[in-house]
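Working notes, structure below.
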Amino acid sequence: MKVKLRTGETAEVNASYGARLIEQGEARLLPQEKRSIRPAEAKPAEAKPAEPKRREKETAEKPAGETH
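Quick note: to get the working numbering, add 146 to the position in the sequence shown (first position is 1).
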(Lines of atoms letter the chains of each structure in order from A and count residues from 1; the text may use other names and numbers.)
(Lines give C-alpha, C1' and ligand atoms only; values in the text may rest on other atoms or scores of the structure.)
Protein backbone atom coordinates (compact mmCIF):
# COMPACT_ATOMS: atom_id res chain seq x y z
CA MET A 1 0.00 0.00 0.00
CA LYS A 2 1.19 3.51 -0.69
CA VAL A 3 1.04 6.08 2.08
CA LYS A 4 2.01 9.71 2.35
CA LEU A 5 4.21 10.28 5.37
CA ARG A 6 4.02 13.31 7.63
CA THR A 7 7.32 14.50 6.12
CA GLY A 8 5.64 14.73 2.69
CA GLU A 9 7.34 11.66 1.22
CA THR A 10 5.38 8.77 -0.26
CA ALA A 11 6.30 5.25 0.76
CA GLU A 12 5.29 1.72 -0.25
CA VAL A 13 4.66 -0.28 2.93
CA ASN A 14 2.91 -3.54 3.78
CA ALA A 15 -0.67 -3.42 5.03
CA SER A 16 -0.02 -4.00 8.74
CA TYR A 17 2.74 -1.39 8.96
CA GLY A 18 0.70 1.07 6.91
CA ALA A 19 -2.29 0.61 9.20
CA ARG A 20 -0.10 1.23 12.24
CA LEU A 21 1.33 4.42 10.72
CA ILE A 22 -2.15 5.69 9.86
CA GLU A 23 -3.48 4.94 13.37
CA GLN A 24 -0.54 6.80 14.94
CA GLY A 25 -1.10 9.80 12.66
CA GLU A 26 2.31 9.42 11.04
CA ALA A 27 0.88 8.80 7.55
CA ARG A 28 -2.26 8.96 5.46
CA LEU A 29 -3.50 6.71 2.70
CA LEU A 30 -3.06 8.00 -0.83
CA PRO A 31 -6.35 8.49 -2.76
CA GLN A 32 -5.62 5.84 -5.43
CA GLU A 33 -5.02 3.25 -2.68
CA LYS A 34 -8.44 3.85 -1.08
CA ARG A 35 -10.15 2.30 -4.10
CA SER A 36 -8.06 -0.87 -3.99
CA ILE A 37 -8.67 -1.72 -0.32
CA ARG A 38 -11.64 -3.97 0.34
CA PRO A 39 -13.09 -4.58 3.79
CA ALA A 40 -12.00 -7.87 5.33
CA GLU A 41 -14.54 -10.64 5.00
CA ALA A 42 -15.93 -11.93 8.27
CA LYS A 43 -14.68 -15.44 8.92
CA PRO A 44 -15.91 -17.61 11.79
CA ALA A 45 -13.30 -18.06 14.51
CA GLU A 46 -11.86 -21.54 14.76
CA ALA A 47 -12.31 -23.33 18.08
CA LYS A 48 -8.96 -24.39 19.49
CA PRO A 49 -8.63 -27.01 22.23
CA ALA A 50 -7.28 -25.53 25.47
CA GLU A 51 -5.10 -28.55 26.23
CA PRO A 52 -3.62 -31.26 24.01
CA LYS A 53 -5.56 -34.53 24.14
CA ARG A 54 -2.63 -36.57 25.41
CA ARG A 55 -2.62 -34.54 28.64
CA GLU A 56 -6.23 -35.45 29.28
CA LYS A 57 -5.38 -39.11 28.69
CA GLU A 58 -2.40 -39.02 31.11
CA THR A 59 -4.44 -37.52 33.92
CA ALA A 60 -7.28 -39.99 33.34
CA GLU A 61 -4.95 -43.03 33.66
CA LYS A 62 -3.41 -42.05 37.03
CA PRO A 63 -5.22 -43.47 40.06
CA ALA A 64 -6.24 -40.88 42.64
CA GLY A 65 -3.65 -40.36 45.38
CA GLU A 66 -0.71 -41.86 43.46
CA THR A 67 2.30 -39.63 42.68
CA HIS A 68 5.24 -40.28 40.40
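The beta carbon of each residue, even a glycine, is placed where N, CA and C say it ideally should be.
| Asked | Found |
| --- | --- |
| Can you tell me the Cβ-Cβ gap for E172 and L151, rounded? I've got them flagged as a contact below 8 Å. | 7 Å |
| May I ask you to list the residues that DSSP assigns as paired with E158? | K148 |
| Just the Cα atoms here: how many angstroms apart are L175 and K148? | 7 Å |
| So, for T156: in the same chain, excluding its five sequence neighbours on each side, which residues have a beta-carbon less than 8 Å away from its beta-carbon? | K148, V149, K150, L176 |
| Apply the 10 Å Cβ neighbour rule to P164 and answer buried if 16 or more other Cβ atoms are within range, or exposed otherwise. | In the sequence as displayed, the identity of residue 164 is Gly instead of Pro. With 16 or more Cβ atoms within 10 Å of its Cβ, G164 is classed as buried. |
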